[in-house]
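Undergrad: Residue numbers (our numbering): 1438 to 2433. Glycine is no exception: its CB is placed at the ideal position from the N, C-alpha and C atoms. Quantities reported herein were computed from a predicted structural model and do not represent experimental measurements. The structure is given below, and queries will be raised subsequently.
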């Protein structure tokens, strides 16, 4: 009863906060539900040195930093850079306990041996030198007070403090204060009070140096309680199942979190929402709408959430025991098979009159239920398979009409199938990409041979031919729309409208562009907009105008136009969703505006499951009654709420940073101005520090002193300059999101290039004078020589002509002999090279080649932690084959064995003959389970083969031992373990695999 009263009290205490938060946020769109966030994950497979992330920080330059047990990691959105004891700028210990960014923007780190340091502007780690009584224990949290003093929380050893002048102070655990049971969270408030969490309640050291302990008397539960300092200065307290906050000298209950278990980390984001991470319960966000949970087991792993951070772009980073995760708010939310869709390849979406959403996809027909998931509606297809749905439409009586790829048309009422129309009912064979319903209730079916109709609402039975009206399209119909009593028809022949018993051909060619395929129609006010493979066409009062690529649309082909309630038009396409003001479309179509002032292209970066929309099916995009936009894509159905656009579009350009500079391969400290020696190659690497699809960030550079304008670099993240002339230079690097603005403050590096000795002015002047004098002297000398040689040449021409002819013949013969000799030498060299590294009998790499590759792969294992497996195999009873059939048969068996093994081995594996009947297979980047699958395939192939060496009935098997490389293995130990596994396979009866 006491626990229930505590929870009820917390809930009552939460009501004023929730009401205030709801009132404060009522004027702006709320953040989406956690289920609608895009979640990205990174582990050691992606470059992290360890999957447990203790702390996360972001420095003012935009870099993200992660504390792990294998060093501190810097992330630029593309690559992880690990700093550890083996780095050029080495840490004192790899076990990093905590990170802290002080008010000056400096990054502080602590480690498991009590070391504390910070990152200096030149990239060095500067450590505070410890005093003798300083504990060599984990510093598992840090916090700086208003006086610039850094407080350190040791694990089980009390507190430390670093003064602004570098002096140290150590405070051992006092009697009666459970500091030895400290939890890795502390906070220093504006009054200089140091709040510390422990496993036995909350403690506080006030500014006067007096200790205080808080527990049941202050309303806190027993056990673990720890503090968190919010950006606004509020101190929050976390306990099991409840959150509190410090209000002056009082502790007040704030939120009840029933069944949350241990709260392990906390964050208050820029909108004031409170995030909590837990032990085995996932993450919760608390705002004016209450608590929204993201449980583990989907993307998030089970275990401890150790750290939370909101980055400069509003994404939430989660450090867990199972890796790094990022929750990214996106404009679009994707629904896929994990949400119940039968297939991710979605072709059509439709909302019926009851507000039910229907989705047609490659796996059939789905319907969204009240909890947001999709339920499958079974439809009988050919061969018992579900039909592939291409089109949807709602009849005037509320029945759902479903067009398919090859199974005709279905009429669905409620949950049940009312009628299935096939070729037997007069429906043309092939796919039905469009269904249109006119005001009189007639259902029109678009086929590959024009349109047919079903007068379903009038009680007619079966499929009826179209009216005998000249001009109706006879080819593939890709779009139909019933607009009032008129039927608009889109096909590969263009657009037309069946109106009042006649067909009017819409002259799209009159507006230019050369459109041939029509994908959709949409009535907006008194006009009909036509989506085609050459942009948009507007039909109004018998006149056609066009808005296409030439008028500012970013793509040629658009599938559907959907206007929202905020004045924007959304266009689906194969390259994303285009958003453009509807008024701007009208002005361009009127000819009052030459170009669209803004056309924003939304892609996967905005949360689309795929940028590829699906055309030639209908409807590919709709606006629901609640104002949300729904689109069919090649990877699921997407939803967007246009009302959330103002919140989402506040995205700043990514800050550009210079990461490294090298001259002729040697690093240069670019943080200070350098005078570089002339000549050589200068290579500069840079990055745009955004974490929203960073691989698509665009860059441009400008070298002041050489370039007159910016040079677009695309997504290239480095630039080189070779042989720059002497002078002063400043390299500027700018970054931008796709279709976004450039960052207002580019990264800059100023340097100068010293002249080479021969580039100095006085050297050039002397050289010019010397050249002129030399040229004059040469002229006089050559003039005298010319007259003398002219006389000699007349005499020598006749004599030399005969000699030259003879020499030419001898040279030709000598050149021929030399070429032949070189060819023989080359062939001998190739033969010797093969003999040195290749087994003569099988053509496989020999033991020498194998040893070289093994040494190289072991080096890769030690340096990068890549997996490696080694298999040794020995042909069973090979001596019996030699004794029974002769050594020539044995040699033939060895050659065939080599061929079979080579054919079944992967391209990345090394197969070698070590000698006799023994072979080795080296499997790089392969775990033991994968290696066993590869070896099992080799073993099965051997056993299935008969008639070895052309001898009927001769069967050959082998025994094999396979082991995975350990970090401590040498070549000898790895071979020894593999050989032991091989002999276990032989001892257990041969013809088998044995893992070591």
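Excluding sequence positions up to five away, which residues of its chain have a Cβ less than 7 Å from the Cβ of residue 1648?
TA: Answer for residue 1648: 1611, 1614, 1640 and 1642, listed in chain order.
Undergrad: Go to residue 1479, then tell me how far its beta strand (DSSP E) extends in each direction, as first and last residue.
TA: From DSSP, the beta strand (DSSP E) with residue 1479 extends over 1475–1479.
Undergrad: Could you name each continuous beta strand (DSSP E) segment of 3 residues or more that falls completely within the segment 1906–1938, going from the start of the chain to the end?
TA: Here the runs fully enclosed are 1914–1920, 1923–1928 and 1931–1936.
Undergrad: In whole angstroms, what is the alpha-carbon distance linking residue 2058 and residue 2016?
TA: The straight-line gap from Cα to Cα measures roughly 13 Å.
Undergrad: As an exercise, report each continuous beta strand (DSSP E) stretch of at least 3 residues that is fully enclosed by the segment 2045–2108, in chain order.
TA: Listed in chain order, the complete beta strand (DSSP E) runs (minimum 3 residues) inside the segment 2045–2108 are 2058–2060, 2066–2070, 2073–2077, 2093–2100 and 2103–2105.
Undergrad: In this structure, how does DSSP classify residue 2306 when only helix, strand and coil are distinguished?
TA: Here residue 2306 sits in strand by DSSP.
Undergrad: Taking the beta strand (DSSP E) that residue 1622 falls in, what are its first and last residues?
TA: It spans 1619–1625 - the beta strand (DSSP E) in which residue 1622 sits, taken as one unbroken run.
Undergrad: By the 10 Å Cβ neighbour count, where 16 or more other Cβ atoms means buried, how is residue 2205 classified, buried or exposed?
TA: By the neighbour-count rule (16 or more Cβ atoms within 10 Å), residue 2205 is not buried but exposed.
Undergrad: Please tell me whether residue 2393 and residue 2308 are closer than 8 Å, where the distance is taken between their beta carbons.
TA: Against a cut-off of 8 Å, the Cβ pair of residue 2308 and residue 2393 comes out as no contact.
Undergrad: What do you get for residue 2218, buried or exposed, if any count of 16 or more other CB atoms within 10 angstroms of its CB means buried?
TA: Residue 2218 is exposed by the Cβ-count criterion.
Undergrad: I need the boundaries of the alpha helix (DSSP H) containing residue 2377, first residue and last residue.
TA: Per DSSP, residue 2377 belongs to the alpha helix (DSSP H) from 2365–2381.
Undergrad: What separation, rounded to the nearest whole angstrom, lies between the Cα atoms of residue 2427 and residue 1535?
TA: Those two C-alpha atoms are separated by around 55 Å.
Undergrad: Taking Cβ positions, are residue 1690 and residue 1675 nearer each other than 8 Å?
TA: No. Outside cutoff.
Undergrad: From residue 1636 to residue 2101, what distance separates their C-alpha atoms?
TA: Cα to Cα, residue 1636 sits roughly 56 Å from residue 2101.
Undergrad: Label residue 2254 either buried or exposed according to how many other C-beta atoms from any shown protein chain fall within 10 Å of its C-beta, with 16 as the threshold for buried.
TA: It counts as exposed.
Undergrad: Assuming residue 1997 and residue 2033 are in contact, meaning their beta carbons sit under 8 Å apart, how far apart are those beta carbons, in whole angstroms?
TA: No, residue 1997 and residue 2033 are not in contact; Cβ-Cβ is about 18 Å, not under 8 Å.
Undergrad: I need the boundaries of the alpha helix (DSSP H) containing residue 1772, first residue and last residue.
TA: Where residue 1772 is concerned, there is no enclosing alpha helix (DSSP H), although the beta strand (DSSP E) it sits in stretches over 1769–1772.
Undergrad: Taking the straight line between their C-alpha atoms, what separation do you get for residue 1888 and residue 2019?
TA: Going from the Cα of residue 1888 to the Cα of residue 2019 covers about 32 Å.
Undergrad: Strictly by DSSP, which residues pair up with residue 1755?
TA: Paired residues: 1745 and 1762.
Undergrad: Could you tell me whether the segment 2056–2070 touches the segment 2091–2111, using the rule of 3 or more Cβ pairs below 8 Å?
TA: No, because fewer than three Cβ pairs between the segment 2056–2070 and the segment 2091–2111 fall closer than 8 Å, the two stretches do not touch.
Undergrad: Is the distance from the Cβ of residue 2359 to the Cβ of residue 2290 below 8 Å?
TA: It is a contact, given that the beta carbons lie within the stated cut-off.
Undergrad: Do residue 1899 and residue 1863 come within 8 Å of each other at the CB atom, strictly closer than that value?
TA: Yes, these two residues count as a Cβ contact at 8 Å.
Undergrad: Does residue 1568 pass the burial test, meaning 16 or more other C-beta atoms within 10 Å, or should it be called exposed?
TA: It is exposed - the Cβ of residue 1568 has fewer than 16 other Cβ atoms within 10 Å.
Undergrad: Apply the 10 Å Cβ neighbour rule to residue 2224 and answer buried if 16 or more other Cβ atoms are within range, or exposed otherwise.
TA: Residue 2224 comes out exposed.
Undergrad: Considering just the uninterrupted stretch of the alpha helix (DSSP H) at residue 2327, what are its terminal residues?
TA: Taken as a continuous stretch (DSSP letters only), the alpha helix (DSSP H) holding residue 2327 covers 2324–2341.
Undergrad: Answer yes if the segment 2133–2146 comes into contact with the segment 1522–1542, meaning at least three C-beta pairs across the two stretches below 8 Å, and no otherwise.
TA: At 8 Å Cβ cutoff, the stretches do not touch.
Undergrad: To the nearest angstrom, report how far apart residue 1735 and residue 1698 are at their CA atoms.
TA: Straight-line Cα distance between these residues: approximately 19 Å.
Undergrad: Run through the DSSP bridge pairs and tell me what residue 1799 is partnered with.
TA: For residue 1799, which the question treats as bridged, DSSP gives no partner whatsoever.
Undergrad: Let's see if you can read the secondary structure: which residues bound the beta strand (DSSP E) around residue 1492?
TA: From DSSP, the beta strand (DSSP E) with residue 1492 extends over 1490–1495.
Undergrad: Can you tell me whether residue 1819 is helix, strand or coil according to DSSP?
TA: Three-state result, residue 1819: helix.
Undergrad: Quick one, which of 2293, 1971, 1975 and 1949 has its alpha-carbon nearest residue 1961's?
TA: Per the Cα distances, 1975.
Undergrad: Under 8 Å Cβ to Cβ from residue 1778, same chain only, skipping five residues before and after it: list those, please.
TA: Excluding positions up to five away in sequence, the list reads 1772, 1796, 1798, 1800, 1803, 1811, 2073 and 2074.
Undergrad: Contact between the segment 1735–1751 and the segment 1759–1773: three or more CB pairs below 8 Å?
TA: At 8 Å Cβ cutoff, the stretches touch.
Undergrad: Using CA atoms only, rank isn't needed, just tell me which of 1556, 2025 and 1767 is closest to residue 2046.
TA: Ranking 1556, 2025 and 1767 by Cα distance to residue 2046 puts 1767 first.
Undergrad: According to DSSP, simplified to helix, strand and coil, what is residue 2146?
TA: Looking at residue 2146 - three-state DSSP - the assignment turns out to be coil, as it is neither helix nor strand.
Undergrad: Look at the alpha carbon of residue 2029 and the alpha carbon of residue 1970, and state the distance between them as a whole number of angstroms.
TA: Whole-angstrom Cα-Cα distance: 24 Å.
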